[in-house]
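Counting from 10, one number per residue, gives the positions in the sequence shown under this note's numbering. I have placed the structure first, in the form of structure tokens, so that the comments after it can refer back to it.
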Amino acid sequence: MQSLIRTKRWLAQSRQAIHSVHLLLIVCSSCLFLSLPSTAQTTSPKWPDQMECRDLTSNPDIDPVLGGWCIAIDDRRGNCVACHTFNISPWPISLPTAGNLAPPMVAMKARFPDSAALRSVIEDASAFNPRSSMPPYLKHQILTPEDIDHVITFLETL
Ligand code: HEC
Numbered sequence: 010m011q012s013l014i015r016t017k018r019w020l021a022q023s024r025q026a027i028h029s030v031h032l033l034l035i036v037c038s039s040c041l042f043l044s045l046p047s048t049a050q051t052t053s054p055k056w057p058d059q060m061e062c063r064d065l066t067s068n069p070d071i072d073p074v075l076g077g078w079c080i081a082i083d084d085r086r087g088n089c090v091a092c093h094t095f096n097i098s099p100w101p102i103s104l105p106t107a108g109n110l111a112p113p114m115v116a117m118k119a120r121f122p123d124s125a126a127l128r129s130v131i132e133d134a135s136a137f138n139p140r141s142s143m144p145p146y147l148k149h150q151i152l153t154p155e156d157i158d159h160v161i162t163f164l165e166t167l
């Protein structure tokens, strides 16, 4: 009889202990869940995809960095991503993987300290390499000078 009471008490205590562990787990996992999105946002801003860009670029006061990104990925405008990849993370899931026909766009400010030099390549790459496959964006009026300003502002953040 005595041992039965002891077993029952032990069982009740164990159940209480398991219950506390459960509670602790729930509290911990919700803390983790709540803290994750904010960390992800500060370390890696979300780059809009082409559809999101179409809404954004209808706003004339768009942030020039975002505006430049939107021109660069738009397959009816810059479409730089057909040939170049950009040093951004995370790459939008709904955007096709960038091409690797041309050099990746990394450390642009270090490699092109003079933005006029960067502008000249974008305006007309054939001036530097007559056999370049890169579209001469200004010469062929694919982009306006203002579009190119935005693209340069974006590239210089990479
Ligand atoms: C059809 C492919 C193609 C597209 C589209 C393209 N490029 Fe290029 N780009 C190249 C190639 C190839 C080179 C290498 C140099 C050359 O052959 O002219 C190059 C070189 C460059 C360079 C010099 C890079 C370096 O490391 O020296 C810059 C800057 C550049 N491209 C920017 C752009 C931007 C900005 C766009 C979009 C507005 C773009 N490119 C679109 C093919 C392309």
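Each residue gets a CB set at the ideal place from its N, CA and C atoms; glycine is no exception.
(message) Restricting to runs no shorter than 3 residues, where is the beta strand (DSSP E) found entirely within the stretch 89-135?
(response) Taken in chain order, the whole beta strand (DSSP E) runs of length 3 or more contained in the stretch 89-135 number zero.
(request) Thinking residue 74 and residue 163 are a contact (beta carbons under 8 Å), I'd like their distance in whole angstroms, please. (result) Numbered from its first residue, the sequence shown carries residue 74 at position 65. Numbered from its first residue, the sequence shown carries residue 163 at position 154. Between residue 74 and residue 163 the beta-carbon gap is near 5 Å, inside 8 Å, which marks them as a contact.
(request) Run the proximity test for residue 137: is its beta-carbon closer than 7 Å to any non-hydrogen atom belonging to ligand 1? (result) Translated into positions along the sequence shown, residue 137 becomes position 128. Indeed, a heavy atom of ligand 1 lies less than 7 Å from the Cβ.
(message) Taking the alpha-carbon of residue 114 as reference, which of 59, 140 and 92 has the nearest alpha-carbon?
(response) Counting from one through the sequence shown, the residue named residue 114 turns up at place 105. Ranking 59, 140 and 92 by Cα distance to residue 114 puts 92 first.
(request) Whole angstroms is fine: what's the gap from residue 136's alpha carbon to residue 125's? (result) Within the sequence shown, the letter at position 127 stands for residue 136. Within the sequence shown, the letter at position 116 stands for residue 125. A straight line joining the alpha-carbon of residue 136 with that of residue 125 spans about 14 Å.
(message) Can you list, in chain order, the residues of its chain with a C-beta nearer than 8 Å to that of residue 133? Leave out the 5 residues immediately preceding and following it.
(response) Position 124 of the sequence shown, counted from the first residue, corresponds to residue 133. These residues qualify, in order along the chain: 145, 146, 147 and 148.
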